[in-house]
Ligand SMILES: NC(=O)c1ccc[n+]([C@@H]2O[C@H](COP(=O)([O-])OP(=O)(O)OC[C@H]3O[C@@H](n4cnc5c(N)ncnc54)[C@H](OP(=O)(O)O)[C@@H]3O)[C@@H](O)[C@H]2O)c1
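Numbering (the numbering used here), first residue to last: 916 to 1166.
Take a look at the structure:
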């Protein structure tokens, strides 16, 4: 259980999920410290009310400064879309260092989102089923996890409100766009080859191929129960999400 009056550190706050976590914490009136590598990319976070600490997961002294005095950490940082010098290989080492520093500083709760384990062994992507969850809903779950004693030292699988395969998603697209949507299957091996070919030239694009390969081969039919049990009881459906996207201005 985290004291909501005490500071929560968000590591990865300039990223998609971390940004949503900061917004969720601030909306709940909770003090937030954001570890950022470049303050010039964090203006919006500062204006929203987050305290900024400049640092890098690979720079131990900056991590010690960041965790000093905080009650909890939400760590969404990763190098799937790497900047110069980032590699996926550093993620686990850097994250281990952050956990150790947090423990040393007496942090009582550390929330770390990850993805499903993968065997990468199939080649029929459209049958794969996912429990689609929006970034905003995932952020709400991470913040709720700060306060849940039942999650002490637990790994939990968090899913959205419905489990769909990619044919189902195409049908939803068809309804939202009000036109037929044709499904084409890309075998997992194509993603694997593209991932290997792109790696030396464009690491971010290579990682996106890796994520596509992951989505093509891994079933992640996680139940929404964890979210509901944490009090996040209004989860966005794929149709609601796509309808909102379709209503956005084209530019
Ligand atoms: N967003 C999604 O749709 C989605 C879907 C499935 C799973 N996930 C999972 O959710 C988690 C968060 O993903 P995301 O989409 O929020 O990632 P993201 O938008 O790519 O953000 C990555 C964040 O990590 C920070 N970072 C990277 N290396 C760092 C380092 N050495 N030190 C400090 N900060 C560092 C980046 O900072 P800079 O801005 O300085 O680079 C950025 O803030 C990941 O585990 C991802 O697998 C996300």
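The beta carbon of each residue, even a glycine, is placed where N, CA and C say it ideally should be.
message: DSSP three-state label for residue 1045, please.
response: strand
task: Please name the residue, chosen from 1018, 979 and 1025, that lies closest to residue 1194 on a Cα-to-Cα basis.
output: A question about residue 1194 goes unanswered here, because the residues of the chain that appear run from 916 up to 1166.
field: Which of helix, strand or coil DSSP assigns to residue 945
entry: coil
query: So the beta strand (DSSP E) residue 987 belongs to, where does it begin and stop?
result: 987-990
Inter-residue Cα distance where the pair is residue 1153 and residue 1088: 9 Å
- prompt: With a Cβ-Cβ cutoff of 8 Å, do residue 1048 and residue 1150 count as a contact?
  reply: yes
- prompt: Roughly how many angstroms separate the alpha carbons of residue 953 and residue 969, rounded to a whole number?
  reply: 7 Å
- request: Tell me residue 923's beta-bridge partners as DSSP assigns them.
  value: 947 and 987
message: Can you determine whether any heavy atom of ligand 1 sits closer than 7 Å to the C-beta of residue 991, and answer yes or no?
response: yes
task: Within 10 angstroms of the Cβ of residue 1022, are there 16 or more other Cβ atoms? Answer buried if so, exposed if not.
output: buried
message: I'd like the span of the beta strand (DSSP E) that includes residue 1154, first residue to last.
response: Residue 1154 -> not in any beta strand (DSSP E); alpha helix (DSSP H) instead, spanning 1153-1161.
query: DSSP three-state call for residue 1080: helix, strand or coil?
result: strand
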